[in-house]
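Working notes, structure below.
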Amino acid sequence: MRTLVPLLLALFAICLAQQQTLDEKVQNLADLTARQSIVKFNMDKWKNLVRMQPRNYSMIVMFTALSPGVNCPICKPAYDEFMIVANSHRYTSSESDRKKVFFGVVDYEDAPQIFQQMNLNTAPILYHFGAKLSAKKKPEQMDFQRQGFDADAIGRFVQDQTEVHIRVIRPPNYTAPVVIALFVSLLLGMLYVKRNSLDFLFNRTMWGFVCMAITFIFMSGQMWNHIRGPPFMITNPNTKEPSFIHGSTQFQLIAETYIVGILYALVAVGFICVNEAADQANGKDKRNQQKKANPLSSLFSIPANTLAIVGLVFICVFFSFLLSVFRSKYRGYPYSFLFS
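Mind the numbering: the sequence shown is residues -17 to -1, 1 to 323 in mature numbering (1 follows the signal peptide of the UniProt record, and there is no 0), read in order.
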């Protein structure tokens, strides 16, 4: 009995010391995230705040390589999206949720030994270190190839892992209003210079091209690019091969929007050729009237049969390419045409 009491007291002291250590960890993280939304880890902070128990909080850590000497084209855009989520969590989450989830970054240039400890040779990688995760277990990793690395996808990953909902708030982007203002000013200036000859405003061909261009821009996803700011292309970290089509339905690349827009335009050219071939078959008199009204009609001086065949080839070939792009993003889509 005499030996049992000191033992119980020792166990109580150990538990109390651990509780104080846990409180100190949480307070340390709160102080670090009070100045900025993320914690930049060195080896000491990594061991004390992430890998060692006790821990009643989750750490969302991005392993990246932001140094210009490292060839990582997607590290900077992925880091920017990660910062948007961290800032949103800092300013929109409740105080209790802010103590449940903390965000951190490990840069290869600052702490290469942490990369070696985690056996990592690629970047960027996002890990969730749960509250009960021991140092020997592997943390949960976010699949960038399947889920993308935009802020909304990262927010969903955090919610799935920690049950903490983060309302993503993006900083305002004033580039689009400035560009629109400059374009409107330029347009008004041109109208003022040409105020005595405004016949071009009644040109149906010009307005047709303008409407088609706007349609292709919106169908290709250019507005998504302005909102999300994706990279032009990405490089596979294992094979070093460039990718112009992103494999996820939640993300796209700038080059991908150009490819999709051009394919839509070429399909539209095919339909225009078929339509012109049908108009030519209606008679020479009607065709001559169209040439006088529309100067571009002289470009379609090809025989009607040949023009129809060219249009059908354009429609079939480039629609097949468009369907292939769709299949590459929506895995498991069962239908294809000409190309798999």
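By construction, the Cβ of each residue, glycine as well, lies at the ideal position given by its N, Cα and C atoms.
Source: prediction; values computed, not measured.
Note on Q96: under 16 other CB atoms within 10 angstroms of its CB, so exposed under the neighbour-count rule. Taken atom to atom, the span from the alpha-carbon of S76 to that of R150 is near 8 Å. V243 places its beta carbon less than 9 Å from that of S203. Using a Cβ-Cβ distance cut-off of 8 Å, the stretch 163 to 180 and the stretch 194 to 201 are not in contact, since fewer than three pairs of beta carbons, one from each stretch, lie closer than that value. With respect to the C-alpha of L32, the residue from A13, A17, A48 and M206 having the closest C-alpha is A13. In the three-state DSSP reduction, T232 falls in the coil class, being neither helix nor strand.
For G315, the secondary structure class from DSSP, reduced to helix, strand or coil, is coil. Scanning its chain for C-beta atoms nearer than 7 Å, with the 5 sequence neighbours on each side dropped, one finds around R211 the residues D133, in chain order. Here T218 is bridged, per DSSP, to P225. Counting along the chain, L174 sits inside no beta strand (DSSP E); it lies in the alpha helix (DSSP H) bounded by residues T158 to V176. DSSP places H111 in no alpha helix (DSSP H) but in the uninterrupted beta strand (DSSP E) bounded by I108 to F112.
With a contact defined as Cβ atoms closer than 8 Å, Q124 and I108 qualify at about 6 Å. At a Cβ-Cβ threshold of 9 Å, I255 and L236 do not count as neighbours. Here V53 has Y91 as same chain residues with Cβ atoms under 7 Å from its own Cβ, once five neighbours each way along the sequence are excluded. Distance check between T145 and each of F98, T158, W207 and K82 places K82 closest, using alpha-carbon atoms only.
Per DSSP, I285 lies in no beta strand (DSSP E) segment and is marked neither H nor E.
Considering only A251, I137 and N104, the residue with the shortest C-alpha distance to P60 is I137.
The alpha-carbon of R73 is positioned some 59 Å away from that of E259.
Straight across, the Cα-Cα distance linking S168 with T158 is about 15 Å.
Boundaries cannot be given for T105, as no alpha helix (DSSP H) includes it and DSSP labels it neither H nor E. The beta carbons of V88 and V9 sit no closer together than 9 Å. For I21, the uninterrupted beta strand (DSSP E) segment begins and ends at I21 to K23. N156 is the residue among R314, F309, F297 and N156 whose C-alpha sits nearest the C-alpha of H209. DSSP lists Y110 as the beta-bridge partner residues of Q124. P214 sits away from W207, with the two beta carbons spaced by 9 Å or more. The beta carbons of F322 and F302 sit about 10 Å from each other, so the pair does not count as a contact at 8 Å. The C-alpha of P154 is placed about 32 Å away from the C-alpha of S311.
Judged by DSSP in its simplified three-state form, V300 adopts helix. Looking at P37, Q142, V257 and C58, the one whose alpha-carbon comes closest to that of F46 is C58. Around the CB of S20, 16 or more other CB atoms lie within 10 Å, so the residue is classed as buried.
Around the CB of L171, fewer than 16 other CB atoms lie within 10 Å, so the residue is classed as exposed.
Shown here, F46 sits in a strand according to DSSP, grouped into three states.
Closest in alpha carbon position to Q205, among Y241, H148, Y316 and P286, is Y241. DSSP, reduced to helix, strand and coil, places S180 outside both helices and strands of the structure shown, so it counts as coil. M42 is positioned such that its CB atom lies closer than 9 Å to that of F112. Here T16 is buried, its C-beta having at least 16 other C-beta atoms within 10 Å.
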